[in-house]
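Keeping their order, the protein sequence lines are chains A and B.
Going by the working numbering, the letters in the first sequence line up with residues 7 to 299, in that order.
Going by the working numbering, the letters in the second sequence line up with residues 3 to 276, in that order.
Here the structure is laid out as structure tokens; the discussion comes afterwards.
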Amino acid sequence: MFSYCSDPSQLEGLVWLSCYLTTGTHMLFYASFGTVLLLLAITAPLALLLGYGGAMASRSGFAPLRWLGKTYTSMVRGIPDILFFLFVPIALDQAFEWVRHQVLCDSSQPVRQGNDFVVCAAAKLPLNSAADWVHNAYGLFLAIIAFSVVFGAFAANVLYGAMQAVPRAQLETAEAYGMNPRQVTRRVLVPQMWVYALPGLSNLWMILIKATPLLFILGVEDIVYWARELGGSKTSAFAYPHPDWRLYYFLALLVFYLLMTAISERVLGRVTARLSRGQATLGGEAQRKAVPA
Amino acid sequence: MSCLQTIQDYGLRAIGYGERILPREGYDLCQQFTLIGSGLIWNLYFAVLALSIGFFIATAVALAKASGNPWLRQPADWFIFLFRGSPLFIQFFIAYEALVLLPRAGIDILGITVQTSWLTRAWAGALIVLILNTAAYSANIFHGALMAVPRGDVEAADAYGMTGWTRFRRVIWPSMLRLAWPSYTNEAIFLFHATTLVFFSGFPAFQQQGDALYYARFFADRTFNPFVAYPIAAAYFIAATLALIWAFGRVNRRLNRHLPGAAKRIRYRPLLLR
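Written as structure tokens, this is what we have:
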């Protein structure tokens with residue numbers, strides 16, 4: 007990085023540290039914080055969408071759709087989320103490869119042979135010849151799907167509860183005005199449910215932040231992976247030898263997460279205050295009274 | 003090999019009894035059910051001990067947080083912030099790395115050598131992390147409930163001449179528990195599910211003695227088939243979660259027994275709390 011870093015063995019103290027912290031692998035470590043933020047940025051809206059779908063399906067008048075919605079919303083209640091994080095990526099991967107196997111290869115060969123899962127080379131995902139970054143991106147893609155599915159189920163729980171919490175009278179009034187079910191949903195139910203959903207969704211966001219290190223279990227090169235790689239003791243064969251520093255790297259991750267959650271808490275507090283404005287709830291009432299007449 | 007034989011060999015494999023080597027072939031349903039079920043012992047061990055010890059620490063921390071003395075309140079606030087604000091996964095790693103740094107030979111305290119190597123093992127190290135973690139989350143719940151104890155209850159206790167410990171034990175504490183119980187049930191379920199993280203984080207599984215999910219992954223890796231082992235583990239967890247909800251529901255009924263009609267069934271609504 008810096009010009010004086012060309013011979014690390016001659017460096018001392020802070021200069022050494024400034025060179026050490028700007029090596030190529032450390033840059034990858036810093037970039038992996040971006041991976042975490044990317045995961046959050048993609049997963050949150052996707053999960054909200056899935057959750058909305060799940061909640062609407064649970065309220066549906068069409069029984070099979072309702073059962074599907076109910077199953078989806080209740081699946082996270084009794085089963086640890088880590089189980090889904092392990093299950094969904096490998097299940098999806100096998101599903102994709104199976105489909106490609108049926109289309110691209112001689113599909114007379116069974117996919118499961120004994121304890122092996124065999125597809126022809128052309129059906130592999132990603133292809134064996136693919137570049138390294140494609141493998142990483144595919145892993146991250148599967149991880150994002152897994153996170154979205156699990157947190158979508160959580161969000162469906164929250165949104166379903168919020169929809170149930172909107173006062174019946176509001177919906178009945180809308181019906182009395184001659185709105186059809188679709189209009190009732192769009193004009194009355196959805197605008198009013200957010201204030202009831204927000205405490206649950208804020209909590210969900212916190213849980214999502216705290217679930218991001220699980221990317222490591224999924225084999226994504228995330229911040230935990232790099233903290234372990236970089237922190238492990240380095241012998242004098244390396245340019246920057248040092249003893250086992252993993253504890254310090256993990257303490258840095260701890261600070262990162264504490265900052266993330268502390269900032270989120272502040273922002274979400276503001277959003278709650280904004281959404282309570284003008285609502286027929288205790289929070290809204292308190293705001294109305296606080297404003298000097 | 004008959005199923006009975008498999009159960010004899012692997013029924014207690016997770017705690018070190020029976021066959022030493024994990025199965026290398028077959029991987030039939032009987033093997034998977036037995037081994038994953040034996041792994042569940044670890045999940046129950048962690049959950050039961052962490053909850054029962056964490057409960058008392060949580061009560062103490064909640065009281066400290068509610069106290070007027072800043073020397074008690076500040077540390078309680080920081081404790082709760084630290085453990086609630088960071089992922090359990092990272093906490094496991096930090097605890098493991100910190101415990102590994104302890105001197106291997108043990109620490110001399112007043113001439114007595116205290117062994118430390120057992121602390122790096124999952125049964126002790128991970129248990130400590132889980133205890134502190136659930137203590138922080140529960141303390142937050144208990145503090146909220148403590149603030150919501152009806153003033154009339156406390157005034158009635160005062161009118162009876164109760165003070166200090168008696169007033170706390172006979173009036174404030176039962177009311178606090180009654181109000182906190184539905185949320186505490188949620189927390190207990192979350193903690194139970196979080197025990198699956200132990201063997202996927204810093205703590206290695208000693209002699210391949212792992213929890214239910216550890217063995218489920220073992221089978222999924224060996225058979226390349228996630229559609230058998232993981233649903234088996236899921237079924238075990240659903241059953242255990244239902245049992246937990248039932249047990250906490252019983253306690254809830256008892257806590258509310260003086261309030262006719264108040265002891266509603268606990269509806270498990272995840273996430274509104276943790």
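Every residue, glycine too, gets a C-beta built ideally from N, C-alpha and C.
Every value quoted in this text rests on a predicted model; they were computed, and no experiment measured them.
Item: Would you please state the rounded distance, in angstroms, between the beta carbons of A:M169 and A:R65? I believe it to be under 8 Å.; Value: 6 Å
Item: Between B:R180, B:D223 and B:P233, which lies nearest to B:N258 when the distance is taken from Cα to Cα?; Value: B:R180
Item: Using a Cβ-Cβ cut-off of 8 Å, state whether B:A295 counts as contacting chain A.; Value: In this structure chain B extends from 3 to 276, so residue 295 of chain B is not present and cannot be described.
Item: In chain B, what lies closer than 9 Å to A:A97 by C-beta?; Value: P228, F229 and Y232
Item: With a Cβ-Cβ cutoff of 8 Å, do A:L6 and A:L148 count as a contact?; Value: Lying before the first or after the last residue shown, residue 6 of chain A is absent from chain A, which here runs from 7 to 299.
Item: Output yes or no for whether 8 Å exceeds the beta carbon distance between B:I111 and B:I55.; Value: no
Item: Taking C-alpha atoms, which residue in B:T225, B:L244 and B:V50 lies nearest to B:Q33?; Value: B:T225
Item: Work out the CA separation of A:Y36 and A:F262 for me, nearest whole Å.; Value: 12 Å
Item: So with CB distances below 7 Å, who are the chain A contacts of B:P72?; Value: By Cβ distance, chain A contributes nothing, its closest Cβ being about 20 Å from B:P72, past 7 Å.
Item: At a CB-CB cut-off below 9 Å, which residues of chain B make contact with A:Y263?; Value: G87, S88, P89 and I92
Item: Taking A:I85 as the query, report the chain B residues whose CB atoms sit under 7 Å from its CB, ordered along the chain.; Value: A236, F239 and I240
Item: Round the Cβ separation of B:A310 and B:F85 to the nearest angstrom and send it over; I've been treating them as touching at under 8 Å.; Value: Past the edges of chain B, shown from 3 to 276, lies residue 310 of chain B, and the structure says nothing about it.
Item: Give the C-beta separation of A:I88 and B:L199 to the nearest angstrom, bearing in mind that I take them to be a contact with Cβ-Cβ under 8 Å.; Value: 6 Å
Item: Could you check how far apart the C-beta atoms of B:G204 and B:Y98 are, in whole angstroms? I think they sit under 8 Å.; Value: 3 Å
Item: What are the start and end residues of the beta strand (DSSP E) that includes B:T187?; Value: From DSSP, B:T187 is part of no beta strand (DSSP E) but of the alpha helix (DSSP H) over W175 to A196.
Item: Examine the ligand ATP and report whether any of its heavy atoms sits within less than 7 Å of the Cβ of A:M62.; Value: As far as ligands go, the structure on display features none, and thus does not contain the ligand ATP.
Item: Taking only beta-carbon atoms, is A:P116 less than 8 Å away from chain B?; Value: no
Item: Mind checking which residues open and close the beta strand (DSSP E) that includes B:V116?; Value: I114 to V116
Item: Where do the N-terminal and C-terminal ends of the beta strand (DSSP E) with B:D110 fall, by residue?; Value: I109 to I111
Item: Counting pairs of Cβ atoms below 8 Å between the segment 208–219 of chain B and the segment 70–82 of chain A, do you hit three or more?; Value: no
Item: Note down the Cα distance separating A:Y144 from A:F68, rounded to an integer number of angstroms.; Value: 36 Å
Item: From B:Y216 to A:S282, what distance separates their C-alpha atoms?; Value: 45 Å
Item: Which same chain residues end up closer than 8 Å to A:C126 when comparing Cβ atoms and leaving out the 5 residues on each side of it in sequence?; Value: H107, L110, C111, D112 and Q115
Item: Are B:D30 and B:E21 touching if we call contact CB-CB under 8 Å?; Value: no
Item: Assuming B:A62 and B:R75 make a contact with CB atoms under 8 Å, what is their CB distance in whole Å?; Value: Rounded, the Cβ-Cβ distance is 13 Å, inconsistent with contact.
Item: Have a look at A:A161 and A:E235 and give me their C-alpha separation to the nearest angstrom.; Value: 34 Å
Item: Put A:D122 into one of helix, strand or coil per three-state DSSP.; Value: strand
Item: Using a Cβ-Cβ distance under 8 Å, would A:K240 count as near chain B?; Value: no
Item: Could you name the residues of chain B that A:A267 contacts, counting a contact when the two beta carbons are closer than 7 Å?; Value: Looking at the sequence shown, residue 267 of chain A is not Ala but Thr. Ordered by position in chain B, the residues that pass the 7 Å Cβ test against A:T267 are G87.
Item: So with CB distances below 9 Å, who are the chain B contacts of A:I88?; Value: H195, A196, T198, L199, F202 and L215
Item: Does A:S282 come within less than 8 Å of chain B when only Cβ atoms are used?; Value: no
Item: Under 8 Å Cβ-Cβ, which residues of chain B neighbour A:D228?; Value: The contacting residues do not exist; A:D228 stays about 11 Å from chain B at best.
Item: If you draw a straight line from the alpha carbon of B:H145 to that of B:R171, how long is it in whole angstroms?; Value: 16 Å
Item: Here's the rule I'm using: 16 or more other beta-carbon atoms within 10 Å means buried, otherwise exposed. How should A:Q100 be labelled?; Value: buried
Item: Alpha helix (DSSP H) containing A:W73: first to last residue?; Value: A69 to G84
Item: Any beta-carbon of chain A closer than 8 Å to the one on B:L103?; Value: yes
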